[in-house]
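This report refers to the structure that appears directly beneath it.
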Amino acid sequence: GGRPNFAQAGGRKPDNLAGALEKAKSELIAHLCENGN
Numbered sequence: 001g002g003r004p005n006f007a008q009a010g011g012r013k014p015d016n017l018a019g020a021l022e023k024a025k026s027e028l029i030a031h032l033c034e035n036g037n
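When we follow the UniProt record's numbering, the leftmost residue of the sequence shown carries the number 1, and every step to the right adds one.
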C-alpha cells in the first residue's frame, strides 16, 4: 500500500547506506559528465 508519490524505504542493512549514497553520487556525476554537462 501507500501513496504512489510518497517514497518510503525499509532497508535491512542500514550500515550500508553511506556506501550506497556514495555509489549513487558517483553514478550521477558520471552520467552528467557523459552528457556533456
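Using N, Cα and C, we set each Cβ at its ideal position, and we do this for glycine too.
Check: Do you know how far the Cα of LYS25 is from the Cα of GLY10?
Finding: As a working note, residue 10 is residue 10 in the sequence shown. As a working note, residue 25 is residue 25 in the sequence shown. When rounded, the distance between both Cα atoms is 20 Å.
Checklist line | Three-way DSSP call (helix, strand, coil) for PRO14 in this model | finding: As a first step, residue 14 must be located in the sequence shown, where it is residue number 14. It is helical.
Check: Using a Cβ-Cβ cut-off of 8 Å (strictly less than) and excluding sequence neighbours within five positions of LEU17, which residues of its own chain qualify?
Finding: For the purposes of this step, residue 17 is taken as residue 17 along the sequence shown, with counting starting at 1. Hits under 8 Å: GLY11.
Notebook entry, point to check: DSSP three-state call for ALA30: helix, strand or coil?
Noted result: On the sequence shown, residue 30 is found 30 positions in, with the first residue counted as 1. Helix at ALA30.
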